[in-house]
Amino acid sequence: MRDLESTVMEIIVNAGQARSLCFEALHAAREGDFEQAQALLKESDTFSRMAHRVQTELIEEDAGEGKMPMTLIMVHAQDHLMTAMLARELIEEMIVLYQRQS
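Each residue of the sequence shown is one higher than the one before, starting from 1 at the first, in the UniProt record's numbering.
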């Protein structure tokens, strides 16, 4: 089994970067720069996929057998990933609203 703490930190770092880029995209859209907003969302997607890949690997290693120790840092990582995913969904909708207003 891999170094769990380092692996979980990959989720936190990548999910955090994905979320930050989504908010940068929202700011760009608010300023009317929809091309930049889309580019930032695309970049965000790359980080989100990396975080999700690591999460999937951990799930596969556990195989539903409870082999993976549940730690506070792992819960924190899951929270970061889910928050980033929700932020993206909401921000995509907000960007559409900004586009309609312009």
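The C-beta atom is built at its ideal place from N, Cα and C for all residues, glycine as well.
Exposed unless 16 or more other CB atoms sit within 10 angstroms - verdict on residue i
i	result
residue 102	exposed
residue 90	exposed
residue 19	buried
Nearest-angstrom Cα separation, counted from residue j out to residue i
i	j	result
residue 10	residue 54	7 Å
residue 33	residue 42	15 Å
residue 31	residue 39	14 Å
Collapsed DSSP secondary structure at residue i in the structure displayed
i	result
residue 16	helix
residue 71	coil
residue 45	helix
residue 62	helix
residue 79	helix
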